[in-house]
Structures are given as C-alpha cells and as structure tokens.
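Notes for the one structure printed next.
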Amino acid sequence: MKIISHPHKIQKFIRNLKLKRKTIGFVPTMGALHQGHISLIRRAKKENDIVVVSIFVNPSQFGPNEDLKKYPRPFFNDIKLCNKEGVNIIFAPKANLIYPKNYLTYINVEKLSDIMCGEHRLAHFRGVTTVVTKLFNIIQPDKVYFGLKDYQQSVIIKKMTADLNFPIKIVTCPTIREKNGLALSSRNAYLSNEDLKKALSISQSLNKAKKLIEYKKSVSKKSIILEIKKVIELNMDKIDYIEIRDADTLEEIKNIIDKKVVIAIAAYIGKTRLIDNIVVNPVR
Ligand code: PAF
Numbered sequence: 125m126k127i128i129s130h131p132h133k134i135q136k137f138i139r140n141l142k143l144k145r146k147t148i149g150f151v152p153t154m155g156a157l158h159q160g161h162i163s164l165i166r167r168a169k170k171e172n173d174i175v176v177v178s179i180f181v182n183p184s185q186f187g188p189n190e191d192l193k194k195y196p197r198p199f200f201n202d203i204k205l206c207n208k209e210g211v212n213i214i215f216a217p218k219a220n221l222i223y224p225k226n227y228l229t230y231i232n233v234e235k236l237s238d239i240m241c242g243e244h245r246l247a248h249f250r251g252v253t254t255v256v257t258k259l260f261n262i263i264q265p266d267k268v269y270f271g272l273k274d275y276q277q278s279v280i281i282k283k284m285t286a287d288l289n290f291p292i293k294i295v296t297c298p299t300i301r302e303k304n305g306l307a308l309s310s311r312n313a314y315l316s317n318e319d320l321k322k323a324l325s326i327s328q329s330l331n332k333a334k335k336l337i338e339y340k341k342s343v344s345k346k347s348i349i350l351e352i353k354k355v356i357e358l359n360m361d362k363i364d365y366i367e368i369r370d371a372d373t374l375e376e377i378k379n380i381i382d383k384k385v386v387i388a389i390a391a392y393i394g395k396t397r398l399i400d401n402i403v404v405n406p407v408r
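In structure tokens form, the structure reads like this:
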C-alpha cells in the first residue's frame, strides 16, 4: 500500500496506472474509519483494479463554531485498517496542499446546498463539493463510493457530477448500523454510553415512521413529523430538522404515500450533531 500526500505525485502515479488500463475506485473520507467506510472500501475492491482512499479532514466544510479542531484523527489506525482491507493507495494531503495561500475557487450546487443540513450548516456543502471536485480532478476515478447516511451529500454529489460532466459513476452504499440500529458515524466517538442510548431514538423513530406510512397507508406528512418529534424531543437536546422530501430530488412534497420519500433527521446531544435517514417506497 502506498501513502501519498502530494496532489502532483498521486496524479502522476494514477496517470501511469491508467496507461496500463487499470480501473480506479475511490473512497473519499475524513478518516476515523469505521465499518461504514470499510463497507465502501470492500465494494470498491470488488468493482475496480485499484482502490484509492483519501483521508483529509476538510476545513472548508466546517463552520467557525464546529468541531474541526477536535474531529478524531486516528491516522495510524486508519492506515492499519486500509492495509488490512487491501487498499492500494492512501491519499492524505496536508490542508495547505489542497488550499494553498490565496485559494479562491469554490464549487456550489445551488438550491440543494441551502436546504436541510445546508440551512443549519452554512457553506458546509460548498466545502464538500469543492473538496470532492478537487479530489475527482486529482484522482481521476472511474467509480466513487459514498455512504447513504449522508443522504443529502450523496444527492448533491450526484447532481454536481452530472452538471459538471465528470466521467465518473457515483455508487451509493447502505448505511451501516450497530446491532441496535444506531447509524455508525465518526462523531459517535464523542458520545458517552448514556448519550449513545439517547441517540438510538433517532433510528428508532425513523423505523417507526416508516412502519406507520407502510401500514396505515393514509397518513399526513405533518402527523408523521409530529410522531418523530415527540420521541426525539424526549431524548435529544436540540433538533435542527425533521424533514420528509422526495428521495431523488429532495424537493418538498405534500403527499408522502405515492412517492419514494426520504425521512431525514438532524439533532444534537450536547454539542454533538447526529444525522440519520430512512427511505420509504411508495405505498401500493
Ligand atoms: O462524507 C465525508 O466524509 C466528507 O464529506 C467527504 C465526502 C470525504 C468530503 O470531505
């Protein structure tokens, strides 16, 4: 396994692999790898000749009062995990190589970046789409793997990839959960055992909402959101949003029965912000 930190070096290395007609699968991460990331790496291994994992805690996607400084960076453990999974290349640049002095260019997917998480984390998705564009240009992958826990992120990246004509296939993979249903997240490391129990209310209320929609067959969006809110309010310290939207376009919808919808939640325990979602297919 090669560890490369300079964009020019990895670009050159990958150019040679492409001359040998190798296909490149790419898993972008901010490190602190867990089974969710491992599932993306395994899928990439199955579908490509070469797997590249980037480890870069991207400063431009964190707001001024967010957890950039304390974001977990267990770099050596991440390297060990990648090695074990047969990753071929780790790209781990320093921030000044991605954002040199006087850096001025940003990518923004309009509208989609301003709703849901974007409404509460201003400029977050602008930071994500900027770094992902740069990583696409540096790594030139054939396929890129994203987890569906960051549902809005995956919709935005698919849109950006299409709008900017990147010749890349975006592959989305299911959220990996603890046995009890809690979605895996690098930020779970901030939580005490007590907090982890409270955080379970998110996945539990999402599952309950899905069942309600599927069994009752005629429920309003408002009543489902109220049901979820009751449970979340009891357990979490603050709710950013509970939303039900069109699962493909994230457009607002009135009727949640005859469309594939995503129910998405963002809520805090103390200073830790957690997100999760569930997709519900049309009720027939
Ligand atoms: O999902 C993440 O970990 C990050 O948003 C990403 C895609 C690696 C960009 O920094």
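Residue numbers (the numbering used here): 125 to 408. No residue lacks a Cβ here, since even glycine has one placed at the ideal position from N, Cα and C. In this text the structure is predicted, and so the values were computed from the model without any measurement.
Can you name, in chain order, every residue of its own chain whose Cβ lies under 6 Å from the Cβ of residue i, other than the five neighbours on each side?
{"i": "Val385", "result": "Ile368, Ala371, Val404"}
{"i": "Arg311", "result": "Thr396"}
{"i": "Ile205", "result": "What sits at residue 205 in the sequence shown is Leu, not Ile. Cβ neighbours of Leu205 beyond the five flanking positions: Leu157."}
{"i": "Ile300", "result": "Gln159, Gly160, Ser163, Leu308"}
Going by CA-CA distance only, name the one from the options that's closest to residue i.
{"i": "Ile413", "options": "Leu350, Pro198, Ala156, Ser278", "result": "The structure shown does not extend to residue 413, since the chain is modelled only from 125 to 408, so the question has no answer here."}
{"i": "Asn201", "options": "Gln276, Asp238, His158", "result": "His158"}
{"i": "Glu189", "options": "His248, Thr257, Pro298", "result": "Strictly speaking, residue 189 in this sequence is Asn, with Glu absent from that position. Ranking the options by Cα distance to Asn189, first place goes to His248."}
{"i": "Tyr275", "options": "Gln135, Arg408, Asn140, Leu398", "result": "Leu398"}
{"i": "His161", "options": "Thr147, Lys144, Ile179", "result": "Ile179"}
{"i": "Lys383", "options": "Val177, Arg145, Glu338, Leu259", "result": "Glu338"}
{"i": "Ile402", "options": "Ala286, Ile165, Leu336, Ser344", "result": "Leu336"}
{"i": "Lys146", "options": "Pro265, Arg197, Asn261", "result": "Pro265"}
{"i": "Phe186", "options": "Lys144, Lys258, His244", "result": "His244"}
{"i": "Lys346", "options": "Glu376, Ile326, Leu324", "result": "Glu376"}
{"i": "Thr285", "options": "Lys303, Ile239, Glu318, Ile231", "result": "Ile231"}
What's the call for residue i, buried or exposed, on a 16-neighbour Cβ count within 10 Å?
{"i": "Ala390", "result": "buried"}
{"i": "His132", "result": "exposed"}
{"i": "Gly155", "result": "buried"}
{"i": "Pro217", "result": "buried"}
{"i": "Glu209", "result": "buried"}
{"i": "Asn121", "result": "For residue 121 there is no data in the structure shown, the boundaries of the chain being 125 and 408."}
{"i": "Ser329", "result": "buried"}
{"i": "Asp400", "result": "buried"}
{"i": "Arg139", "result": "exposed"}
{"i": "Leu306", "result": "buried"}
{"i": "Ala219", "result": "exposed"}
{"i": "Lys321", "result": "exposed"}
Consider the C-beta atom of residue i and the heavy atoms of the ligand NAP; say whether any pair is separated by less than 7 Å.
{"i": "Asp274", "result": "In terms of ligand content, the structure shown lacks the ligand NAP and carries the ligand PAF instead."}
When DSSP labels each residue in this structure, what does residue i get in the three-state scheme?
{"i": "Leu78", "result": "No answer is possible for residue 78: it lies beyond the span of the chain, which begins at 125 and ends at 408."}
{"i": "Ala168", "result": "helix"}
{"i": "Ala388", "result": "strand"}
{"i": "Pro131", "result": "helix"}
{"i": "Gly305", "result": "coil"}
{"i": "Arg369", "result": "strand"}
{"i": "Lys346", "result": "helix"}
{"i": "Val404", "result": "strand"}
{"i": "Tyr269", "result": "strand"}
{"i": "Phe150", "result": "strand"}
{"i": "Ile377", "result": "coil"}
{"i": "Asp364", "result": "strand"}
Here's a check: name, in chain order, each residue in its chain whose Cβ is nearer than 8 Å to the Cβ of residue i, leaving out the five neighbours to either side.
{"i": "Val279", "result": "Leu236, Asp372, Thr373, Leu374"}
{"i": "Lys293", "result": "Asp266, Lys267, Val268"}
{"i": "Leu315", "result": "Ala323, Ile393, Thr396"}
{"i": "Lys283", "result": "Val233, Leu236"}
Within this structure, are the beta carbons of residue i and residue j separated by less than 8 Å?
{"i": "Leu272", "j": "Cys241", "result": "no"}
{"i": "Ile348", "j": "Ile381", "result": "no"}
{"i": "Met360", "j": "Ile387", "result": "no"}
{"i": "Ile214", "j": "Ile127", "result": "yes"}
{"i": "Ile174", "j": "Leu141", "result": "yes"}
{"i": "Pro198", "j": "Leu192", "result": "no"}
{"i": "Ile103", "j": "Val252", "result": "The shown model of the chain, from 125 to 408, leaves out residue 103, and the question about it has no answer."}
Leaving out five residues before and five after residue i in sequence, what residues of the same chain have Cβ atoms less than 7 Å from its Cβ?
{"i": "Thr153", "result": "His161, Val177, Ser178, Ile179"}
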